[in-house]
Every structure is written in C-alpha cells, then in structure tokens.
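One structure below.
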Amino acid sequence: MSSQRTIQSIYTDGACIGNPGPGGWGVVVYFSDGSVHEIGDAAAKTTNNRMEMQAAIAALSFLKASGHTEPITLYTDSEYLINCVNKWIKTWKRKGWKKADGNPVLNQDLLEQLEQLNSRQVKWQHVRGHTGNEGNERCDTIARAFASGKNPLLQQISEINLFDDFLRTSTDVVVASVSDSDPESMIINKNIREISTLASEINMTDTSNHSTSLSHEELPREMRVVQLRNLVETLRIADEIAEKGYLVTSSELADLMDVHPSAVTSRGDQWRWRNWIVSRVRREGNQILWELERGDRLNDENND
2 MSSQRTIQSI YTDGACIGNP GPGGWGVVVY FSDGSVHEIG DAAAKTTNNR
52 MEMQAAIAAL SFLKASGHTE PITLYTDSEY LINCVNKWIK TWKRKGWKKA
102 DGNPVLNQDL LEQLEQLNSR QVKWQHVRGH TGNEGNERCD TIARAFASGK
152 NPLLQQISEI NLFDDFLRTS TDVVVASVSD SDPESMIINK NIREISTLAS
202 EINMTDTSNH STSLSHEELP REMRVVQLRN LVETLRIADE IAEKGYLVTS
252 SELADLMDVH PSAVTSRGDQ WRWRNWIVSR VRREGNQILW ELERGDRLND
302 ENND
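So this is what it looks like as structure tokens:
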C-alpha cells in the first residue's frame, strides 16, 4: 500500500430476501487519496442480522490486515449491530451467552468473532439507511445484488495485497500446530505446505497481471499452462481433503480457495465452492472447522 494512502472511513451493510432467505453483504472502504476498495459476498440461507454482522466482520478483518493503527469510524445503518458490539456482547458473554429470559443468544458464532476483532480504535457510527448517504447506499447496492444472486462489479485497489503477511502468518501457525508424529497429520502438513506454495505462485501471477494489464487470454501460453496446473493441484488437494474426511480451519480453507479468511467465515454455515459443498462442523477453541463434500456425488446419491 502506498505510504500516502490511509483508510479514512468504512461503511457496511447487509441484506436478506425473505429473512430467512438468500442474503448478501457489502463493505466500502474509503481512503485518504480518494481511492475506494469494495468487498462483498452472498449466503444461500441466512438472516438480515447475520448479514449485517458478517459485513462488519469482513470490514474489521480488512482493517486488521491493513495495519492501520489510527482511529477509524465504521458506519452502519443497523442499530442491532451497534447495540451488540457496544452494549450487549459483554453482558451476554458474562451470562454464558444467555438472554434475560434464559434462552440462548442468537448468532453467538458471529458475535464471538466481532468481539475478537473489535477494538477501541473503531468508532461505531449509526447512519440512517436510504437517505442518500453515498457510502451506505453503495453498500446496500452491493449487499442486495449478492442476495439476488448477482455478482456486482466491485471497485478494488488491484495494485495492493493487504493480506500477504496475514496469510503467511496464518499458514506458519497452522503448520506449527500440526504434529509430525501422526501419519494423518503429516499428510495434512504436506498439503498445507503445498497450498502455501501454490498461494505464493498465484500471488506472483496476480502481481504480474496487474503490472502488465494483460487478460488471461493475452498471457504467454507457458504462463497459462502454469496457472492451469496450479488450479488442478488445488482441486486435487480439495478432493483429497473431502475423500479422507479431513476437517480444515477457516485459515486453511481460505488458503486453499486463495481468499481472505473473512470471505470464508462470512458465507454462513453451508455453501458451495466449485465442486464441493462446504459445511461448518464445529468450533474448537478459536478455530472454526469445515468439512468438504463433493457436491456432484451428493446429487448422484439423492437421485438414486
């Protein structure tokens, strides 16, 4: 990131069709030099409140990965979200995630992530929705587009990669936590290192693409073949994880998909990635564990 470019403000919003139903979320990051970076994604079955929270999680993850240390204002039109982070989380946590009536607090998984990512650096500011505020309106447009099954064109700062150091750190921690004495762990360890190498190769290719402004078709044949081999290796690893029933963490899955970890945790409990159905299984400590199943095989079984 340019030394002159700092984050000025962040807007978040969520949307849901049906509530529960298909949903989407959007984040717009404004920088001091006038540039804009937008993030968003969809969930197959969710609620409006979950989309609001997942937008905030993505925004806070982006802020953390950017290394920005100055106070920042995060704008949202969700009073529920602001009350959660500023008032209710501490009380709910102290009471064992129970409400005053004794019932479990909804969306505990996302609330725990918000608590971990939030800091005094962030000022949460409510903004009225649909009143012409540029940042809020743009977030709403992104969120509604994803909820409707569309892929909106996002403004993104292509010449920066805020997450290189974050991904390297995550991979190092994961590899260090795997026991080399266990045969299955050794296989996972090997796969993680392969994924790390693959991610580095893809990042190098992305940097080359940005600097030359070449489309995939315009790249030299040799480079296209390398990209294809990298893709096949990624799919092979995913297939092995699914076939052997390995559970992977959010960071490991993000490395496999070549996305930021927030793009994994923000998608809900079950969603599709390429040939696989990705399902949240359980939480162990601070880690969410995911399972991959071949979607085409599930369809074949259902048709039998």
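The opening residue of the sequence shown carries number 2 in this note's numbering; numbering runs sequentially from there. Where a beta carbon is used, it is the ideal one built from N, C-alpha and C, also for glycine.
- Task: Note down the Cα distance separating Lys-231 from Tyr-247, rounded to an integer number of angstroms.
- Result: As a working note, residue 231 is residue 230 in the sequence shown. As a working note, residue 247 is residue 246 in the sequence shown. The sequence as given places Asn at residue 231; Lys does not occur at that position. Those two C-alpha atoms are separated by around 21 Å.
- Query: Taking DSSP as the reference, what is the three-state secondary structure of Gly-269?
  - Reply: For the purposes of this step, residue 269 is taken as residue 268 along the sequence shown, with counting starting at 1. Coil.
- Count the other CB atoms, across all protein chains shown, that sit within 10 Å of the CB of Leu-107; report buried if there are 16 or more and exposed otherwise. Locating residue 107 in the sequence shown gives position 106, where the first residue counts as 1. Exposed is the call here.
- Message: Please give the ranges of any beta strand (DSSP E) in the region 55–119, keeping only runs that are unbroken, at least 3 residues long and fully inside the region.
- Response: 73–77
- Quick one: what does DSSP say Gln-157 is sitting in, helix, strand or coil? Your numbering for residue 157 matches position 156 in the sequence shown. Coil.
- Beta-carbon proximity check, Val-37 vs Val-29, cutoff 8 Å: Start at 1 with the first residue of the sequence shown, and residue 37 comes out as number 36. Start at 1 with the first residue of the sequence shown, and residue 29 comes out as number 28. Their beta carbons are under 8 Å apart, which means Val-37 touches Val-29 by this criterion.
- Message: Excluding the 5 residues flanking Trp-93 on each side, which residues of the same chain have their C-beta closer than 6 Å to its C-beta?
- Response: Locating residue 93 in the sequence shown gives position 92, counting from the first residue. Contacts found: Val-106.
- Item | Paired residues, beta bridge with Val-37 - DSSP | Position 36 of the sequence shown, counted from the start, is the residue given in the question as residue 37. Paired residue(s): Tyr-31.
- Task: Along the beta strand (DSSP E) that carries Gln-283, what are the first and last residues, could you check?
- Result: Here the question's residue 283 lines up with position 282 in the sequence shown. Strictly speaking, residue 283 in this sequence is Arg, with Gln absent from that position. First-last of the beta strand (DSSP E) with Arg-283: 277–285.
- Kindly list the residues whose CB is nearer than 8 Å to the CB of Leu-115, restricted to its own chain and excluding five residues on each side of it in sequence; keep chain order. The count along the sequence shown starts at 1 and reaches residue 115 at position 114. Setting aside the 5 residues that flank it on each side, Leu-115 is surrounded in the same chain by Met-54, Ala-57, Ile-58, Leu-61, Cys-85, Val-86 and Ile-90, each with a C-beta closer than 8 Å to its C-beta; the list follows chain order.
- Message: Measuring straight from C-alpha to C-alpha, what distance separates Thr-77 and Arg-145?
- Response: Here residue 77 refers to the residue found at position 76 when the sequence shown is read from its first residue. Here residue 145 refers to the residue found at position 144 when the sequence shown is read from its first residue. The straight-line gap from Cα to Cα measures roughly 15 Å.
- Straight-line Cα distance separating Trp-274 from Gly-296: Along the sequence shown, one-based indexing puts residue 296 at 295. Along the sequence shown, one-based indexing puts residue 274 at 273. Between Gly-296 and Trp-274, the alpha-carbon positions lie close to 9 Å from each other.
- Message: For Ala-255 and Trp-98, I'd like the C-alpha separation in whole angstroms.
- Response: Position 254 of the sequence shown holds residue 255. Position 97 of the sequence shown holds residue 98. In a straight line, the C-alpha of Ala-255 is about 28 Å away from that of Trp-98.
- Task: Please name the residue in Ala-45, Gly-41, Glu-294 and Arg-51 whose C-alpha comes closest to that of Asp-110.
- Result: In the sequence shown, the residue the question calls residue 110 occupies position 109. Considering only alpha carbons, the answer is Arg-51.
- Best match in Gly-133, Ile-158 and Trp-125 for proximity to Lys-88 [C-alpha to C-alpha]: Within the sequence shown, numbered from 1, the residue matching residue 88 stands at position 87. That would be Trp-125, whose Cα lies nearest to the Cα of Lys-88.
- Where does the unbroken alpha helix (DSSP H) through Ser-251 begin, and where does it stop? If you number the sequence shown from 1, residue 251 lands on position 250. It spans 251–258 - the alpha helix (DSSP H) in which Ser-251 sits, taken as one unbroken run.
- Identify the continuous alpha helix (DSSP H) that holds Ile-143 and give its terminal residues. Position 142 of the sequence shown, counted from the first residue, corresponds to residue 143. Looking at the DSSP string, the run of the alpha helix (DSSP H) that includes Ile-143 is 135–148.
- Run the CB neighbour count on Ile-261, radius 10 Å, all protein chains shown included, and call it buried at 16 or more, exposed below. One-based indexing of the sequence shown puts residue 261 at position 260. With the sequence shown as reference, residue 261 is identified as His, and Ile is not the correct amino acid for it. So His-261 ends up on the buried side.
- Query: Which of helix, strand or coil does DSSP assign to Arg-295?
  - Reply: Indexing the sequence shown from 1 puts residue 295 at position 294. In this structure, Arg-295 counts as strand in the three-state DSSP scheme.
- Query: Is Thr-235 helix, strand or coil when you go by DSSP?
  - Reply: Against the sequence shown, residue 235 aligns to sequence position 234. Helix, per DSSP.
- Item | Lys-151 - DSSP class collapsed to helix/strand/coil | Residue mapping note: residue 151 aligns to position 150 of the sequence shown, counting from 1. Coil.
- Task: Label Leu-332 either buried or exposed according to how many other C-beta atoms from any shown protein chain fall within 10 Å of its C-beta, with 16 as the threshold for buried.
- Result: Since the first and last residues shown for the chain are 2 and 305, residue 332 lies out of range.
- Query: So, helix, strand or coil for Ile-242, using DSSP?
  - Reply: For this step, residue 242 is matched to residue 241 along the sequence shown. Note: Ile-242 maps to helix in three-state DSSP.
- Task: With DSSP collapsed to three states, give me the class of Val-123.
- Result: As a position in the sequence shown, residue 123 is number 122, starting the count at 1. In this structure, Val-123 counts as strand in the three-state DSSP scheme.
- With a threshold of 16 other CB atoms inside 10 Å of the CB of Gly-68, please say whether the residue is buried or exposed. To locate residue 68, count along the sequence shown from 1; it is residue 67. A residue is called buried when at least 16 other Cβ atoms come within 10 angstroms of its Cβ; Gly-68 does not meet this threshold and is exposed.
- Task: Within the same chain, show all residues whose beta-carbon is closer than 7 Å to that of Gln-9, passing over the 5 residues directly before and after it, in chain order.
- Result: On the sequence shown, residue 9 is found 8 positions in, with the first residue counted as 1. These residues qualify, in order along the chain: Tyr-31, Phe-32 and Ser-33.
- Helix, strand or coil for Pro-23, going by three-state DSSP, please let me know. Taking the first residue of the sequence shown as position 1, residue 23 is located at position 22. In the structure shown, Pro-23 sits in a strand (DSSP, three-state: E or B).
- Query: Which residues mark the beginning and the end of the beta strand (DSSP E) in which Tyr-12 is found?
  - Reply: The residue labelled residue 12 in the question sits at position 11 within the sequence shown. Where Tyr-12 is concerned, the enclosing beta strand (DSSP E) starts and stops at 8–17.
- Query: Looking only at its own chain, which residues have a Cβ that is under 8 Å from the Cβ of Phe-147, when we skip the five neighbours before and after it?
  - Reply: Here residue 147 is taken as the residue at index 146 of the sequence shown, counted from 1. For Phe-147, where only same-chain residues beyond five positions count, the Cβ hits under 8 Å are Ala-16, Gly-24, Gly-25, Trp-26, Gly-27, Gly-41, Asp-42, Ala-43 and Pro-153.
- Message: Please tell me whether Gly-133 and Asp-141 are closer than 8 Å, where the distance is taken between their beta carbons.
- Response: Here residue 133 refers to the residue found at position 132 of the sequence shown. Here residue 141 refers to the residue found at position 140 of the sequence shown. No, the pair does not count as a contact, with Cβ atoms beyond the cut-off.
- Task: Measure the CB-CB distance between Leu-290 and Ile-242 and report whether it falls below 8 Å.
- Result: For the purposes of this step, residue 290 is taken as the residue at position 289 of the sequence shown. For the purposes of this step, residue 242 is taken as the residue at position 241 of the sequence shown. Going by C-beta atoms, Leu-290 is not nearer than 8 Å to Ile-242.
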